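Peer 1:
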Amino acid sequence: MDFEKQSIGTEDFAEHIRTKKIYIDKTSYLPELYGEKVHPNGMRYEDKVLLITRPRRFGKSLTMSMIKNFFELNYANPKDKSNP
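Mapping the sequence shown onto UniProt numbering, position 27 (from 1) lands on 27, and the numbers just tick up by one.
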């Protein structure tokens with residue numbers, strides 16, 4: 001493993017991706033942030049709160065930065081990096 005590509009303590013998702021650091025993709029969490037959900041018993045519900053729990057140094061800040069970048073992306077013009 002290339003230790004130059006490992007990132008310890010990085011909190012900025014955009015910088016992390018731009019510098020091509022190793023990243024475990026957590027984008028599968030994004031659908032959990034919005035929309036209606038269906039409980040296994042068939043009941044529909046909406047969450048009021050999302051609680052992200054991890055031990056210290058397990059990427060909570062990096063995950064929050066990934067979520068922030070997702071919602072700030074200009075989908076009409078993805079190359080436009082200015083904030084909406």
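All C-beta atoms in this analysis are idealised placements derived from N, C-alpha and C, irrespective of residue type, glycine included.
In this text, all values refer to a predicted model and were calculated from it rather than measured experimentally.
1) Short check: CB of Thr10 to CB of Leu50, under 8 Å?
2) Of the residues Tyr75, Phe71, Asp80, which one's Cα is nearest the Cα of Pro31?
3) Where in the UniProt domain "AAA-ATPase-like" (8–76) do unbroken runs of the beta strand (DSSP E), each at least 3 residues long, occur, reported from the N-terminal end onward?
4) My understanding is that Lys20 touches Met66, with C-beta atoms under 8 Å, so please give their C-beta distance in whole angstroms.
5) Whole angstroms is fine: what's the gap from Arg56's alpha carbon to Met64's?
Peer 2: Looking at the atomic coordinates:
1) Position 10 of the sequence shown, counted from the first residue, corresponds to residue 10. Position 50 of the sequence shown, counted from the first residue, corresponds to residue 50. The answer is no: Cβ separation not under 8 Å.
2) Residue mapping note: residue 31 aligns to position 31 of the sequence shown, counting from 1. Nearest of Tyr75, Phe71, Asp80 to Pro31, Cα basis: Phe71.
3) Counting whole runs of 3 or more residues, the UniProt domain "AAA-ATPase-like" (8–76) contains no beta strand (DSSP E) stretch at all.
4) Numbered from 1 along the sequence shown, position 20 holds the residue referred to as residue 20. Numbered from 1 along the sequence shown, position 66 holds the residue referred to as residue 66. Between Met66 and Lys20 the Cβ distance is about 15 Å, and since that is not below 8 Å, they are no contact.
5) On the sequence shown, position 56 is the one that residue 56 refers to. On the sequence shown, position 64 is the one that residue 64 refers to. Distance between the alpha carbons of Arg56 and Met64 is about 14 Å.
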